[in-house]
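Asker: Would you mind keeping the following structure in view while I ask a few things?
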Amino acid sequence: MLSTIAVVRETFGLDEDGATPEAAANKAALRGKVLCNLVSGNPDEGRTVRDATASTVAAYIDGAYSGSPAKARAGGGQCFVSSDADGGAIVREWDRVLSRLGTVTFSGPVGASRALDYAVVDLYFVNFLSFLSNAAMLEAEGVDTALYAREAGVRLQQVPDFLLASAGRMSSRAEADYLRNPGATLRTWRNFWGSRLPYFAAHGLPAQLPQLACNLLDEAAGLPAEPLPSAVVGASPSSWPSAVAIEGPHSAADLTRLQEVVRYGTKRAREGAELHLH
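For reference, each letter of the sequence shown is one residue, going 2 to 279 in this note's numbering.
Structure representation (structure tokens):
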């Protein structure tokens, strides 16, 4: 596994104008072989490598590996793989080799495994970011890290069911569905995030994550999007979003309406919502 897709392209001379004798020899060595590309990258990059090697290799397996080097050596990671050939038959043929890295999940055609890897691994990063944002408050208030980890584990077990339950409401993008039996409204979530801003300001703590959450929730509620002051080093708390939620036209909607901002973007979201209302 090489470091980046760019290194893969250079190593095997996949760019016509950048091929070297060494790269040409490397590419020739692939002839008739099965190429398994587990280098981290986006779906388009996986397809680019597939197309560039199609006339050389016998078969192409695309994928991504999730886990540390130690996990890989112990066979404890997650391997997401995809292939365009025979409904994944080539993946099943090489499962015994791939499974030495950990679990092997066939995700569909080339590109699918990389999308799945991004979405799964993001959870690790986002949860760690949440911990870092709250760590100073936890320490100041005497909360033991082990206690936090235990209770966070209980909550995190609910995430898969929450995602599946939310998918149905999100699929229609109809305002009526966003308003129907909300689990927690945008207003509730905005107050939850905004309420910590005075504490962060009083204790001189950075508030990038709460600011981001407040701005996204305000936009989802139908309020004008504000620039993020946290992007400016040393931004004064006086420029932070309001700690108290400002009522917007969609504040009573379920949290799932957040997708109109994060998934579709404000302009597309408004156009889409109008289409579904008629």
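Even for Gly, the Cβ is constructed at its ideal location relative to N, Cα and C.
Please read all numbers here as calculations on a predicted model, not as lab measurements.
Identify the continuous beta strand (DSSP E) that holds Gln302 and give its terminal residues.
Answerer: The shown model of the chain, from 2 to 279, leaves out residue 302, and the question about it has no answer.
Asker: Ignoring anything shorter than 3 residues, give me the beta strand (DSSP E) runs that lie fully in the region 101 to 169, in order along the chain.
Answerer: Fully enclosed beta strand (DSSP E) runs of 3 or longer: 103 to 107.
Asker: Is the beta carbon of Ile6 closer than 8 Å to that of Gly64?
Answerer: No; because the gap between Cβ atoms is not below 8 Å, this pair is not in contact.
Asker: Would you call the region 53 to 68 and the region 25 to 39 in contact, with 3 or more CB pairs under 8 Å?
Answerer: Touching, yes, given that three or more Cβ pairs across the two stretches are closer than 8 Å.
Asker: Since Gly112 and Ser83 are thought to touch, with beta carbons under 8 Å apart, how far apart are those beta carbons, to the nearest angstrom?
Answerer: With 8 Å as the limit, Gly112 and Ser83 qualify as a contact, their Cβ atoms being about 7 Å apart.
Asker: Can you list the alpha helix (DSSP H) stretches of 4 or more residues lying completely in the region 35 to 78, in chain order?
Answerer: Listed in chain order, the complete alpha helix (DSSP H) runs (minimum 4 residues) inside the region 35 to 78 are 44 to 54 and 70 to 75.
Asker: Just checking my contact of Val263 with Leu217 at CB under 8 Å: how many whole Å lie between their CB atoms?
Answerer: Confirmed, about 7 Å.
Asker: Once you ignore the five residues that flank Pro44 on each side, which residues in its own chain have a CB closer than 6 Å to its CB?
Answerer: So the list reads Gly112, Arg115 and Ala116, once near-sequence residues are dropped.
Asker: Nearest by alpha-carbon distance to Val245: which of Asn192, Ala253, Leu259 and Ala168 is it?
Answerer: For Val245, the nearest C-alpha among the options comes from Asn192.
Asker: Confirm, please, whether the CB-CB distance from Gly266 to Asp219 is below 8 Å.
Answerer: Cβ distance not < 8 Å, so Asp219 and Gly266 don't count as in contact.
Asker: For the structure I just gave you, are there three or more beta carbon pairs, one from the region 131 to 145 and one from the region 200 to 208, closer than 8 Å?
Answerer: Yes, the region 131 to 145 is in contact with the region 200 to 208.
Asker: Within the chosen definition, does the region 94 to 109 reach the region 67 to 82 through at least 3 CB pairs nearer than 8 Å?
Answerer: Yes, the region 94 to 109 touches the region 67 to 82.
Asker: Who does Thr186 pair with in a DSSP beta bridge?
Answerer: Thr186 is bridged to Asp255.
Asker: So, at 7 Å on beta carbons, what are the nonlocal neighbours of Thr280 in its own chain, with the 5 sequence-adjacent residues on each side left out?
Answerer: Nothing can be reported for residue 280: it is not among the residues displayed for the chain, which extend from 2 to 279.
Asker: Can you have a look at Met252 and say buried or exposed, based on whether 16 or more other CB atoms are within 10 angstroms of its CB?
Answerer: In the sequence on display, residue 252 carries Ser and not Met. Its Cβ being crowded by 16 or more others within 10 Å, Ser252 is buried.
Asker: For Thr186, which of Ala55, Phe201 and Ala222 has the nearest alpha-carbon?
Answerer: Closest option to Thr186, Cα to Cα, is Ala222.
Asker: Under a Cβ-count criterion, where at least 16 other Cβ atoms within 10 Å of its own Cβ denotes burial, should Val9 be classed as buried or exposed?
Answerer: That one is buried.
Asker: Can you look up Thr12 in the DSSP assignment and give me helix, strand or coil?
Answerer: If DSSP states are grouped into helix, strand and coil, Thr12 belongs with the helices.
Asker: Could you check the C-alpha separation between Gln159 and Ala214 for me, to the nearest Å?
Answerer: Answer to the nearest angstrom: the Cα atoms are 21 Å apart.
Asker: For chain C, find out if any of its Cβ atoms is closer than 8 Å to the Cβ of Arg170; answer yes or no.
Answerer: Absent from the structure is chain C; it holds one protein chain and no more.
Asker: Any idea if Arg174 is buried or exposed, counting beta-carbon neighbours within 10 angstroms, 16 or more meaning buried?
Answerer: With 16 or more Cβ atoms within 10 Å of its Cβ, Arg174 is classed as buried.
Asker: CA-CA distance, Ser243 and Glu261?
Answerer: Whole-angstrom Cα-Cα distance: 22 Å.
Asker: Where does Val234 sit, in a helix, a strand or coil, going by DSSP?
Answerer: Confidence is the limiting factor: at Val234 the pLDDT is only 38, short of 50, which leaves the residue's position unreliable, though a coordinate-based value still follows. In this structure, Val234 counts as coil in the three-state DSSP scheme.
Asker: Can the beta-carbon of Thr57 be found less than 8 Å from the beta-carbon of Lys28?
Answerer: Contact: yes.
Asker: Does DSSP put Ser173 in a helix, a strand or coil?
Answerer: In the structure shown, Ser173 sits in a helix (DSSP, three-state: H, G or I).
Asker: Taking Cβ positions, are Asp96 and Gly184 nearer each other than 8 Å?
Answerer: Against a cut-off of 8 Å, the Cβ pair of Gly184 and Asp96 comes out as no contact.
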